[in-house]
Amino acid sequence: MTPGSSYLPDLTKYKPRFIDGVHAVLSVLAFRSVALRDKNVLHCFYPQPKFGTQQDLNSLSTFGLQFLQYKK
Numbered sequence: 139m140t141p142g143s144s145y146l147p148d149l150t151k152y153k154p155r156f157i158d159g160v161h162a163v164l165s166v167l168a169f170r171s172v173a174l175r176d177k178n179v180l181h182c183f184y185p186q187p188k189f190g191t192q193q194d195l196n197s198l199s200t201f202g203l204q205f206l207q208y209k210k
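The sequence shown begins at 139 in this note's numbering and counts up by one.
See below:
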C-alpha cells in the first residue's frame with residue numbers, strides 16, 4: 139500500500155437480501171412499540187387515548203417484543 143491510498147475491501151459480496159428487509163421492518167415495529175409506551179409520545183399522537191386503547195397498545199407492544207425476542 140502506498141502513502142495516500144486507502145485500502146477498501148471488496149463489498150460486492152454483501153448485497154441486501156430479503157431477510158435484511160424483514161429485519162428492518164421488525165426493527166421499526168419494535169422501536170415504534172417501545173416509543174408508544176412513553177406517555178409524552180403517546181399524548182403527541184393520541185391526545186386522550188381511552189383506557190381500552192391504552193391497554194391494546196400495551197398488549198401489542200408486549201407481544202411484539204416477545205415475538206422479536208423469540209425470533210432471535
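Quick reminder that beta carbons are idealized off the backbone N, C-alpha and C, glycines included. Remember, predicted model here, so these are calculated numbers, not experimental data.
According to the Cβ coordinates, are residue i and residue j closer than 8 Å?
{"i": "P174", "j": "L180", "result": "For clarity, residue 174 is Leu in the given sequence; the question names Pro instead. Cβ atoms of L174 and L180: closer than 8 Å."}
Whose C-alpha, out of the options, is nearest the C-alpha of residue i?
{"i": "S197", "options": "L164, Y184 and V172", "result": "V172"}
{"i": "R170", "options": "Q193, G190 and F183", "result": "F183"}
Under 7 Å from any heavy atom of the ligand SAM, does the C-beta of residue i make it?
{"i": "D148", "result": "No copy of the ligand SAM appears in this structure; indeed no ligand is present at all."}
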